[in-house]
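> Numbering (numbering that gives the first Met the number 0), first residue to last: 0 to 254.
In this text, a Cβ means the ideal position worked out from N, Cα and C, and glycines have one as well.
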Amino acid sequence: MPSNYGIADLTWRELEATIDETSTLLLPVGSTEQHGHHLPLGVDTYVPEAIADRVAERSSCLVAPSIPYGVSPHHTFKPGTVTVGSETFRRYVRDVCTSVGEWGIENVLLLNGHYLVQDPELEIVVRDLRVEDGMRAFHVPLVDLFDDVAREVRESELSFHASEFETSLMLALFPDLVHMDRAEATTAPDALPLTDYDALGENRVGWALSAEEMADLTPTGNLGDPTGATVETGERLVEAVVSRTAALVDALEGS
Ligand SMILES: [Zn+2]
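1) Tell me the DSSP secondary structure of residue 108 in three-state form.
2) Using a 10 Å radius around the Cβ and a threshold of 16 neighbouring Cβ atoms, would you call residue 218 buried or exposed?
3) Taking all protein chains shown into account, decide if residue 269 is buried (16 or more other Cβ within 10 angstroms of its Cβ) or exposed.
4) Can we say the region 28-41 touches the region 169-180, given the rule of at least three CB pairs closer than 8 Å?
5) Which one of 57, 43, 54, 78 has the shortest CA to CA distance from residue 68?
6) I'd like to confirm the pairing. Which residues does DSSP put opposite residue 135 in its beta bridges?
7) Can you check DSSP and say which residues form a bridge with residue 27?
8) Name the one or two DSSP bridge partners that residue 66 has.
9) The alpha helix (DSSP H) spanning residue 88 covers which residue range?
10) Are the region 18-30 and the region 64-79 touching by the rule of at least three beta carbon pairs closer than 8 Å?
11) Residues in its own chain within less than 8 Å of residue 190 by CB, not counting five upstream and five downstream?
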């Protein structure tokens, strides 16, 4: 059944009518990249898509088709990873947003499902959209929206890539795509400061990792311990992200 908020399901006349009711668009931005032995390549796109659908069921907004390829040079040590250059990615996302602005969309939320690594590009896209196009644009990195809940529920010492949090999100949203029997913990060598590579670390240099560094850090592809991931943790993280994003949409639509 087509949704009444997913723009790819609408005719242009239906879209035109909907823009009289909402001027907010969610654009899921992901990546296609290796996620260890137990998760599929599409995690970073599937998760923000599912979040966007849940937000649109609660709050007045439209959902655009996703951007499935992102900046992922650090994962190219395993097959299945696609990476695009920083400048190409930034311009592509910017052009998509500028284009939707021409139909009357005023608010764009970039729901970013790729931890840390394409944050700098998306921050620049937001600034350009605000300063040059006069749009109200927001970078919404999912990891930041569930940060406090994740700190409360976490079981693992290290959770960066395809580990406790991403695996829990997938168990809650797409359980059929998770292979818990193949999940295994990887720990970074002692020589590296673990906090730098943790999704919740204070010193977030994880966004500047190289493929060589990642290959040294993890033989499986995940970085951290996914074995303690649960549906319950995933549901708490999903609820935090959905409710906070919906609150932002409500504020924008009310103002
Ligand atoms: Zn991921």
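Quick look at the numbers:
1) For this step, residue 108 is matched to residue 109 along the sequence shown. DSSP places residue 108 in strand when its eight states are reduced to three.
2) Start at 1 with the first residue of the sequence shown, and residue 218 comes out as number 219. Residue 218 comes out exposed.
3) Lying before the first or after the last residue shown, residue 269 is absent from the chain, which here runs from 0 to 254.
4) By the Cβ rule, the region 28-41 counts as touching the region 169-180, because three or more pairs are nearer than 8 Å.
5) Counted from its first residue, the sequence shown places residue 68 at position 69. Considering only alpha carbons, the answer is 43.
6) As a working note, residue 135 is residue 136 in the sequence shown. Residue 135 is bridged by DSSP to 106.
7) For the purposes of this step, residue 27 is taken as residue 28 along the sequence shown, with counting starting at 1. Answer is 110.
8) Taking the first residue of the sequence shown as 1, we reach residue 66 at position 67. For residue 66, which the question treats as bridged, DSSP gives the partners 28.
9) For the purposes of this step, residue 88 is taken as residue 89 along the sequence shown, with counting starting at 1. The continuous alpha helix (DSSP H) containing residue 88 extends over residues 85-100.
10) Yes, the region 18-30 touches the region 64-79.
11) Here residue 190 corresponds to residue number 191 of the sequence shown, with the count starting at 1. In this prediction, residue 190 has a pLDDT of 40, which is less than 50 and means its spatial position is unreliable; nothing more can be read from the coordinates.
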